[in-house]
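Peer 1: Chains as they are written, first to last, in our numbering: chain A, 1 to 100; chain B, 101 to 315. Think of the CB as a built atom: it goes at the ideal place given N, C-alpha and C, for glycine as much as any other residue. Values in this document were obtained by computation on a predicted structure and should not be read as measured data. This is the structure, below, for whatever I ask next.
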Amino acid sequence: MTMDELDPVIHASARLKITATLATLPVGDQIAFPRLQELLGMTAGNLSTHLRKLEDAGYVDVVKSHQGRTPATYLALSRSGRRAFEDYLEALRALLGESA
Amino acid sequence: MNNNTTDADEPLGDPRAMLALLEGQQREVLNAQQAPVIWMYFIWGITWFVGFLALWSGDVDGNPWFTLPAAVATPVFIVMLVASIVASAVLGIRINRGVRGISTFSGAVYGLSWSVCGTAFAMVGVGLIRQGLSPELANLYFPSAYALMCGTIYLGGAALWRDVSQLVLGLVLLAAGAIAPFFGSPGNDLVLAVLVGGAFLIAAAALMVRRRQGR
């Protein structure tokens, strides 16, 4: 295992934090965009940019709905996103085990 | 929250730094969820401790050092109880705010169980009083009934969220509620104040210490 083999979609600080946060949700739960933003301390624009990359990779499911008249966006890791995060974590630990 | 976000899209080189970033962020999320729980334990710790000490001190056979007038002891207890229920409802909603999905049902049932069980236990008490239960025995029934109810619901919460603090509190509440009547009235109030109030305050302190150590 080398650094180059780490999933490039997750291996960037902002997206790593996003996936790590979404991974704390139980399977079947979704989190509202503003709450995710609050937990990450990121700007809305920055979060949207990285979420789009994760969505394009098929790692994040984006559900747009309405709460009354207000549009609401809910997010969750997709099945492949959760698997990719777990693989990434495992790879990181393996890498550290090798280098230790 | 965590404002030292690196917005750059470039990958970071050091795997140790990445792992620390990942684990740090997950700890932040856990801490954000736990903060209202610590407040809840603290508030209920004060209510059980001070509220039941007030009831114990409001009885001439209770506190040997001083006696509170009944016009003070009972309102102190009721005001603290109502304030804690309101605070719990507000804090409880904040724990999982912004999250929907599979856990919504569990959370709703858990939240509902407090009001439904609370009403059911109150009705049993009122029914017993109507059937001739004396005020002395009612003073034994109500505190224990609510300690047993809280203990049972805490065990449910522990099972739902695999939470050890709720498991320990649930067991303490059940034990305290079960043994309190053996001390008679108002001795039962002192038992509940010390055991339950103490357990909640210790749980709040323990979670706070663990949270600080985790940072």
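Give the C-beta separation of B/V296 and B/W139 to the nearest angstrom, bearing in mind that I take them to be a contact with Cβ-Cβ under 8 Å.
Peer 2: Position 196 of the second sequence holds residue 296 of chain B. Position 39 of the second sequence holds residue 139 of chain B. Contact flag wrong, Cβ pair sits at about 17 Å.
Peer 1: Determine, using beta carbons only, whether A/F103 and A/I10 come nearer to each other than 8 Å.
Peer 2: Since the displayed chain A opens at 1 and closes at 100, residue 103 of chain A lies outside it and no answer follows.
Peer 1: What in chain A is Cβ-close to B/V129, meaning under 7 Å?
Peer 2: Counting from one through the second sequence, the residue named residue 129 of chain B turns up at place 29. What B/V129 touches in chain A: T21, T24, L39.
Peer 1: Alpha carbon to alpha carbon, how far is B/V272 from B/L292?
Peer 2: As a first step, residue 272 of chain B must be located in the second sequence, where it is residue number 172. As a first step, residue 292 of chain B must be located in the second sequence, where it is residue number 192. Between B/V272 and B/L292, the C-alpha separation is close to 10 Å.
Peer 1: When DSSP labels each residue in this structure, what does A/H11 get in the three-state scheme?
Peer 2: In the first sequence, residue 11 of chain A corresponds to position 11, counting from 1. DSSP places A/H11 in coil when its eight states are reduced to three.
Peer 1: Are any of the Cβ atoms in chain B nearer than 8 Å to that of A/R79?
Peer 2: Here residue 79 of chain A refers to the residue found at position 79 of the first sequence. Output row for A/R79: interface = no.
Peer 1: For chain A, find out if any of its Cβ atoms is closer than 8 Å to the Cβ of B/I193; answer yes or no.
Peer 2: As a first step, residue 193 of chain B must be located in the second sequence, where it is residue number 93. For B/I193, the answer is no, since every Cβ of chain A falls outside 8 Å of its Cβ.
Peer 1: Between B/L260 and the rest of its own chain, which residues show a CB-CB distance below 8 Å, the 5 nearest in sequence each way excluded?
Peer 2: Stepping through the second sequence from its first residue, residue 260 of chain B is reached at position 160. Only S206, Y210 meet the Cβ criterion.
Peer 1: Going by CA-CA distance only, name the one from A/L95, A/V62, A/L54, A/H66 that's closest to A/L16.
Peer 2: The residue you call residue 16 of chain A lines up with position 16 of the first sequence. For A/L16, the nearest C-alpha among the options comes from A/L54.
Peer 1: Tell me the DSSP secondary structure of A/S105 in three-state form.
Peer 2: Lying outside 1 to 100, the shown extent of chain A, residue 105 of chain A is not represented and no answer is given.
Peer 1: When Cβ atoms are compared, which residues of the stretch 49-63 of chain A fall closer than 9 Å to chain B?
Peer 2: Those would be T49, H50, K53, in chain order.
Peer 1: So with Cβ pairs under 8 Å, would you call B/M180 a contact of chain A?
Peer 2: Within the second sequence, residue 180 of chain B is the residue found at index 80, counting from 1. By this cut-off, B/M180 is not an interface position.
Peer 1: Are B/L267 and B/L248 touching if we call contact CB-CB under 8 Å?
Peer 2: In the second sequence, residue 267 of chain B corresponds to position 167, counting from 1. In the second sequence, residue 248 of chain B corresponds to position 148, counting from 1. No, the pair does not count as a contact, with Cβ atoms beyond the cut-off.
Peer 1: By a C-beta neighbour count over all protein chains shown, 10 Å radius and 16 as the cutoff for buried, is B/A170 buried or exposed?
Peer 2: As a position in the second sequence, residue 170 of chain B is number 70, starting the count at 1. B/A170 should be labelled exposed.
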